[in-house]
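Novice: Questions regarding the structure given below will be posed in turn.
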Amino acid sequence: MKNIILFVALIAVTTWSTAQDIYGEATYFSKASIDKSFLEGNRDISPEQRKRIEENLKKASEKTFILKFNRSESLWTEEVALATPGQSGGWGNFMGSSMGGDKYKDMTSNTFTEQRDMMGKTFLIKDDLPQLDWQITGETRQIGNYTAIKATAVKKNDALDMSAFRRRRDDNKKKEEDGETKLTDMIEKDENTTVTAWFTPQIPVQHGPAEYGGLPGLILELNANNTTMLCTKIILNPEDRSDIEPATKGEEIKLEAYNATFQQKMEEMSQRFRGRSRGRN
0 MKNIILFVAL
10 IAVTTWSTAQ
20 DIYGEATYFS
30 KASIDKSFLE
40 GNRDISPEQR
50 KRIEENLKKA
60 SEKTFILKFN
70 RSESLWTEEV
80 ALATPGQSGG
90 WGNFMGSSMG
100 GDKYKDMTSN
110 TFTEQRDMMG
120 KTFLIKDDLP
130 QLDWQITGET
140 RQIGNYTAIK
150 ATAVKKNDAL
160 DMSAFRRRRD
170 DNKKKEEDGE
180 TKLTDMIEKD
190 ENTTVTAWFT
200 PQIPVQHGPA
210 EYGGLPGLIL
220 ELNANNTTML
230 CTKIILNPED
240 RSDIEPATKG
250 EEIKLEAYNA
260 TFQQKMEEMS
270 QRFRGRSRGR
280 N
């Protein structure tokens, strides 16, 4: 264990001292396992509807991202496919724009900037990056052309981290007095999750996918909750380089305040939906 940590430190120090300039673009494939048990035995869903729901869930659970980085900054963006003609954004588009945007990280100041849209209003989230107490295990494996080292940490889940939610096993027992099952009675959320990262000191930057980073090397694979993000392609020091800059438009807000605003809007929408449903009965 001590030999591995010393090995990491030596590589990091040597490479940092020789790498005067570094720029890279890493492609990540993200896949989340989704609990589809709510579809089982549901008589209100036709076979055609079930197929459509499963296709939409698959699209939502499999995404491709690009991480552009230099020594101290990075920009995390999603590769979004063009929608087919006539296809509406709908609920999925609202959730996507409200809960995720291009994420700029500055490892020197340990801060991030992310632009999100909510119901026609643009917000600019500026806050500190989560500080994780990484434990380097000493376990190694090969990922592509790079030797990766395993590290783990315990992270407090974000209030809107959908991957931290799961269906309650006893949700059929939790009902409102009027006999309706509330969404909050059907799901529960883990407060913390164990994060597993595989990083390589051969690429001496402290970056990684999404909000993660802080290790002595680029994170090539990360597992958190039910989501795995795997680096599938790396381009180092190409001739053509993109600017790595934060978004500047939108109302500045802290992440906690944004999450509270989002949850309030969701509750308002839920109440309006329940009111319309009761009105049709």
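Just so you know, we're using numbering that gives the first Met the number 0 here: the sequence shown kicks off at 0 and counts up by one. Note that the Cβ used here is the ideal one computed from N, Cα and C, for glycine as well.
Just mark M268 as buried or exposed, buried being the case when its beta carbon has 16 or more other beta carbons within 10 Å.
Specialist: It is exposed - the Cβ of M268 has fewer than 16 other Cβ atoms within 10 Å.
Novice: Excluding the 5 residues preceding and the 5 following M265 in the sequence, name in chain order all residues of the same chain whose CB lies nearer than 7 Å to its CB.
Specialist: None.
Novice: How would you label G91, buried or exposed, when you count the other beta carbons within 10 angstroms and need 16 or more for buried?
Specialist: The predicted model places G91 with a pLDDT of 46, which falls under 50 and marks its position as unreliable, so this point remains unresolved.
Novice: Is it buried or exposed, A18, if we count other Cβ atoms within 10 angstroms and call 16 or more buried?
Specialist: Note on A18: pLDDT 49, under 50, position unreliable in the model; no value is reported.
Novice: Using the three-state DSSP reduction, which class does R240 fall into: helix, strand or coil?
Specialist: Three-state DSSP puts R240 in coil, outside helix and strand.
Novice: Label I148 either buried or exposed according to how many other C-beta atoms from any shown protein chain fall within 10 Å of its C-beta, with 16 as the threshold for buried.
Specialist: Buried is the call here.
Novice: For E61, which residues of its own chain have a beta-carbon under 6 Å away from its beta-carbon, when the five flanking residues on both sides are left out?
Specialist: Once the five neighbours on either side are set aside, the close Cβ partners of E61 are K30.
Novice: Spatial neighbours of Q201 within its chain, please: C-beta separation below 6 Å, excluding the five flanking residues on both sides.
Specialist: Closer than 6 Å at the Cβ level, and outside the excluded window around Q201, lie Y145.
Novice: Could you spell out the range, first to last residue, of the beta strand (DSSP E) harbouring T136?
Specialist: That run of the beta strand (DSSP E) goes Q134 to I142.
Novice: On the DSSP bridge list, what partners appear for L254?
Specialist: In DSSP, L254 forms no bridge with anything.
Novice: Quick one: residues in its chain with C-beta nearer than 7 Å to the C-beta of T76, no 5 flanking neighbours on either side, listed in chain order?
Specialist: Closer than 7 Å at Cβ, skipping near neighbours: F64, I65 and D101.
Novice: Within 10 angstroms of the Cβ of P208, are there 16 or more other Cβ atoms? Answer buried if so, exposed if not.
Specialist: By the neighbour-count rule (16 or more Cβ atoms within 10 Å), P208 is buried.
Novice: Compare the C-alpha of E210 against each of T121, E250, K155 and T231 and name the closest.
Specialist: Of the candidates T121, E250, K155 and T231, the one whose C-alpha sits nearest the C-alpha of E210 is K155.
Novice: Grouping DSSP H, G and I as helix and E and B as strand, with all else coil, what is E190?
Specialist: Coil at E190, not helix or strand.
Novice: By Cβ distance below 6 Å, which residues in the same chain neighbour T136 in space, the five residues on each side in sequence not counted?
Specialist: The answer, listed in chain order, is K149.
Novice: With the cut-off set at 7 Å, would you say T226 and T195 are in Cβ contact?
Specialist: No, these two residues do not count as a Cβ contact at 7 Å.
Novice: Quickly, what does DSSP pair L66 with across the bridge? List them, please.
Specialist: Answer by DSSP bridge pairing, in chain order: A25 and W75.
Novice: DSSP three-state label for Q114, please.
Specialist: In this structure, Q114 counts as strand in the three-state DSSP scheme.
Novice: Should the segment 235-242 be called in touch with the segment 101-111, which here means at least 3 C-beta pairs below 8 Å?
Specialist: In short, these stretches do not touch, since the Cβ pair count stays below three.
Novice: What residues are listed by DSSP as bridge partners for F122?
Specialist: Paired residues: R115 and E250.
Novice: Return the chain-ordered list of same chain residues with a C-beta closer than 7 Å to the C-beta of S73, the five sequence neighbours on each side being excluded.
Specialist: So the list reads L66, K67, K104, H206 and I243, once near-sequence residues are dropped.
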